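Engineer: Structure in structure tokens, see below.
Protein chains: 2
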Amino acid sequence: MQNPNKETISEWFKGLQDSICEGLETLDGKSQFVQDKWERSEGGGGRTRTFKEGALIEKGGVNFSAVFGPTPSKILEALKLEKADFFATGVSIVLHPKNPWVPIIHMNVRYFEMDNGIWWFGGGIDLTPHIIIPEKAVLFHENLKKTCDKHNSTYYEEFKRWADDYFYLSHRKETRGIGGIFFDRLAEKDQVTKSDRWEFVKNVGSSFVPIYSEAVENLREKEWSDEDKKWQELRRGRYVEFNLVHDKGTKFGLDTDGRTESILVSMPPIAQWQYNFAPENQQHLQTLELLKKGIDWVNYTS
Amino acid sequence: MQNPNKETISEWFKGLQDSICEGLETLDGKSQFVQDKWERSEGGGGRTRTFKEGALIEKGGVNFSAVFGPTPSKILEALKLEKADFFATGVSIVLHPKNPWVPIIHMNVRYFEMDNGIWWFGGGIDLTPHIIIPEKAVLFHENLKKTCDKHNSTYYEEFKRWADDYFYLSHRKETRGIGGIFFDRLAEKDQVTKSDRWEFVKNVGSSFVPIYSEAVENLREKEWSDEDKKWQELRRGRYVEFNLVHDKGTKFGLDTDGRTESILVSMPPIAQWQYNFAPENQQHLQTLELLKKGIDWVNYTS
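Chains A and B are the protein sequences, given in the same order.
In case it helps, our numbering puts the first sequence at residues 1 to 302.
In case it helps, our numbering puts the second sequence at residues 1001 to 1302.
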């Protein structure tokens, strides 16, 4: 297969945004995305699509962007380069559900290249249940493994570990959720071509709606208590902590004068903090016990 | 006057915590502080005092700590030192009021020394109204100026500018609130002795309850609308953004394995985020216009 160029990749991502938004509107059944097109003075722009007050999704965003120009100095320093122009494109998603039983989901697929020939893909999908239901966690990881296994038998294990390490709140000594897959700087390697990487990234993107649909199944109608709702808002507080304190993408975007409202589309509608909160509910307590690195979800038995 | 040593400073700070908590309980009239004593494995510890569901204060904390041990590598690197033991003590406060008309307040006084003879004081007081009332902002800054002027005619101007620069959300291009005073690394300089610096820091600490009492006067009884409440929660979202993205003290504490629950006592009880929110209310709009650096509040006329 031919190696894709940046126009091909960016156009495909744009189409992915369209199909995901369509899929999510159907899944939600009540609300619609609203689009903001924006331009970046240094080059490029994006389409920020936000969603609110749905039947399933309380607040969410599905962003597409394709930006270019002189490479930000932070990247140049990290790569020990003096100067280069860059092109970056991607789709990123965060969905905060109304029902505390439904998990928060995050997905991102992205491509980066410089005019010196350096390029890579990055991305991943991870799940943050407010209340972890082990069978659903197993299902989610099985689905990711299936997506990965189509491409490379080492991907799932490698990218699952990467997600565990990345989505980690060191100041809380807990993971953000049950992880998923995370990968970055995927370039050519041994027998793996750019076209192979691209097929994988496309499959991750295309798997989003089916995987999320399964993840919410049987949960979106589940009744919740006031205690569950409060717990959800406290867990959303942790989500805020991760995104603002640890997430490299958020930090980089805010540091390099990215479009703040598009970046912070990931924030929940409402979050709570309470000093030294300790849950009493059994399922909430169990959730805390499962917010650990290294759980082999695919082979998990409780 | 004799130069104070670390024991004297730390004991005084402990007493300050007592008197401030007492003053705030009287001012609130409904709830009380609850204390958690904690120890740090490397040396020292603290008293975290938290407050919730008061008549005036919805959530707040008044922390005292005195910690010591090997200096964290981040400080050593910044100071280009190889090794040193440190001692750090201070009181820090954040109060989130129930009523949207009442401002959020933050105060901190601290002392740091190393066994190589290096020492400094730091601290400040700043105000974050959800809705800025210019006359109250003027009063607040006049009070800070009075406190500063007793010690040095240059302090207010210098430390007011420092607060403008420090309490700034670069990713929003807005200040956290109306600023106040901020100072760091105050050591001996020209004719100014350690004892002079100490007298100043003590006065900043002692001025907290009277200044806050004036800041809330005539506001705590003010009626608010649902629109004001929502606006308060959105503004609290910005407070969260500042503390987690920009605040050096928070970042340092979380990075060096500080006591997370004590550090994040600064978080509001509830915060909201809404994509691209634009207020319609005149007073909310005016507030946004006043979240700028360099407003000469003491001489402000609207």
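The beta-carbon is built from N, C-alpha and C at its ideal position, and this holds for glycine as well.
Note that this is a predicted model, so its numbers are computed, not measured.
Since Thr48(A) and Gly61(A) should fall inside the 8 Å C-beta cutoff, what is the C-beta to C-beta distance between them, to a whole number of angstroms?
Structural biologist: Along the first sequence, read from residue 1 onward, the residue named residue 48(A) stands at position 48. Along the first sequence, read from residue 1 onward, the residue named residue 61(A) stands at position 61. That pair is a contact at about 7 Å.
Engineer: Smallest Cα separation from Val265(A): which of Trp1120(B), Lys1248(B), Tyr1275(B), Pro1269(B)?
Structural biologist: Position 265 of the first sequence holds residue 265(A). Val265(A) has its Cα closest to that of Tyr1275(B), out of Trp1120(B), Lys1248(B), Tyr1275(B), Pro1269(B).
Engineer: In chain order, what residues of the same chain lie with their CB nearer than 6 Å to the CB of Arg1176(B), ignoring the 5 residues before and after it?
Structural biologist: By one-based count along the second sequence, residue 1176(B) stands at place 176. Cβ neighbours of Arg1176(B) beyond the five flanking positions: Thr1128, Phe1167, Phe1242.
Engineer: Is Lys1194(B) near the ligand PLP, in the sense that its beta carbon is under 7 Å from a heavy atom of that ligand?
Structural biologist: With respect to the ligand PLP, the structure shown offers nothing to examine, as it has no ligands at all.
Engineer: With Trp120(A) and Ala187(A) assumed to form a contact (beta carbons below 8 Å), what rounded beta-carbon distance in angstroms separates them?
Structural biologist: Here residue 120(A) refers to the residue found at position 120 of the first sequence. Here residue 187(A) refers to the residue found at position 187 of the first sequence. Their Cβ separation, rounded to whole angstroms, is 5 Å, which keeps Trp120(A) and Ala187(A) in contact under 8 Å.
Engineer: Buried or exposed: Pro210(A), going by 16 or more other Cβ atoms within 10 Å of its Cβ?
Structural biologist: The residue you call residue 210(A) lines up with position 210 of the first sequence. Exposed: under 16 other Cβ atoms inside 10 Å.
Engineer: When the distance is taken between beta carbons, is Trp1162(B) closer than 8 Å to Phe1182(B)?
Structural biologist: Locating residue 1182(B) in the second sequence gives position 182, where the first residue counts as 1. Locating residue 1162(B) in the second sequence gives position 162, where the first residue counts as 1. Yes.
Engineer: For the beta strand (DSSP E) containing Asp1036(B), name the first residue and the last one.
Structural biologist: As a first step, residue 1036(B) is located in the second sequence; it is residue number 36 there, counting from the start. 1034 to 1039 is the extent of the beta strand (DSSP E) around Asp1036(B).
Engineer: Could you pull the start and end residues of the alpha helix (DSSP H) that Ile1178(B) belongs to?
Structural biologist: Your numbering for residue 1178(B) matches position 178 in the second sequence. Where Ile1178(B) is concerned, there is no enclosing alpha helix (DSSP H), given that its DSSP letter is neither H nor E.
Engineer: Roughly how many angstroms separate the alpha carbons of Arg110(A) and Ala1215(B), rounded to a whole number?
Structural biologist: Along the first sequence, one-based indexing puts residue 110(A) at 110. Along the second sequence, one-based indexing puts residue 1215(B) at 215. So the alpha carbons of these two residues sit roughly 49 Å apart.
Engineer: Check whether the Cβ atoms of Gln1283(B) and Ile1131(B) sit closer than 8 Å, and answer yes or no.
Structural biologist: Within the second sequence, numbered from 1, the residue matching residue 1283(B) stands at position 283. Within the second sequence, numbered from 1, the residue matching residue 1131(B) stands at position 131. Contact: yes.
Engineer: For the beta strand (DSSP E) containing Asp331(A), name the first residue and the last one.
Structural biologist: Outside the shown range of chain A, which is 1 to 302, sits residue 331(A), and nothing can be said about it.
Engineer: CA-CA distance, Asp196(A) and Cys148(A)?
Structural biologist: For the purposes of this step, residue 196(A) is identified with residue 196 of the first sequence, where counting begins at 1. For the purposes of this step, residue 148(A) is identified with residue 148 of the first sequence, where counting begins at 1. Approximately 12 Å, taken between the alpha carbons.
Engineer: Please state whether the Cβ-Cβ distance between Cys21(A) and Phe33(A) is less than 8 Å.
Structural biologist: Position 21 of the first sequence holds residue 21(A). Position 33 of the first sequence holds residue 33(A). Going by C-beta atoms, Cys21(A) is nearer than 8 Å to Phe33(A).
Engineer: For the candidate residues Pro268(A), His246(A), Leu244(A), Glu227(A), whose alpha-carbon lies nearest to that of Phe277(A)?
Structural biologist: For the purposes of this step, residue 277(A) is taken as the residue at position 277 of the first sequence. The shortest C-alpha separation from Phe277(A) is found at Glu227(A).
Engineer: For the stretch 1247 to 1283 of chain B, which segments carrying the beta strand (DSSP E) assignment without a break, of at least 3 residues, lie completely within its bounds, in sequence order?
Structural biologist: Fully enclosed beta strand (DSSP E) runs of 3 or longer: 1270 to 1272.
Engineer: Leaving out the 5 sequence neighbours to the left and right, which residues in its chain are closer than 6 Å to Thr256(A) when beta-carbon positions are compared?
Structural biologist: Here residue 256(A) is taken as the residue at index 256 of the first sequence, counted from 1. Excluding positions up to five away in sequence, the list reads Pro72.
Engineer: Give every residue of the same chain whose Cβ lies closer than 6 Å to the Cβ of Lys1052(B), excluding the five residues on either side of it in the sequence, and list them in chain order.
Structural biologist: The residue you call residue 1052(B) lines up with position 52 of the second sequence. Lys1059, listed in sequence order.
Engineer: Below 7 Å on C-beta distance, what does Thr50(A) contact in chain B?
Structural biologist: By one-based count along the first sequence, residue 50(A) stands at place 50. What Thr50(A) touches in chain B: Tyr1275.
Engineer: Can you confirm whether Val1379(B), when its beta carbon is compared against all beta carbons of chain A, has any partner nearer than 8 Å?
Structural biologist: In the structure as shown, chain B starts at 1001 and stops at 1302, and residue 1379(B) therefore has no counterpart that could be examined.
Engineer: On the DSSP letters alone, give me the boundaries of the beta strand (DSSP E) that Lys1059(B) sits inside.
Structural biologist: As a position in the second sequence, residue 1059(B) is number 59, starting the count at 1. First-last of the beta strand (DSSP E) with Lys1059(B): 1057 to 1070.
Engineer: Any beta carbon of chain A sitting closer than 8 Å to that of Thr1260(B)?
Structural biologist: What you label residue 1260(B) is simply residue 260 of the second sequence in a count that begins at 1. Yes, contact with chain A.
Engineer: Mind checking Ala1137(B): buried by the 16 CB within 10 Å criterion, or exposed?
Structural biologist: As a working mapping, residue 1137(B) is identified with position 137 in the second sequence. The residue in question, Ala1137(B), is buried, as its Cβ has 16 or more Cβ neighbours within 10 Å.
Engineer: Of all the residues that make up the stretch 1267 to 1298 of chain B, which are near chain A by a beta-carbon distance shorter than 8 Å?
Structural biologist: Listed in sequence order: Met1267, Pro1268, Pro1269, Ile1270, Ala1271, Gln1272, Trp1273, Gln1274, Tyr1275, Asn1276.
Engineer: Taking only the alpha-carbon atoms, compute the straight-line gap between Val1102(B) and His1171(B) and give it to the nearest angstrom.
Structural biologist: Within the second sequence, the letter at position 102 stands for residue 1102(B). Within the second sequence, the letter at position 171 stands for residue 1171(B). Roughly 25 Å separates the two Cα atoms.
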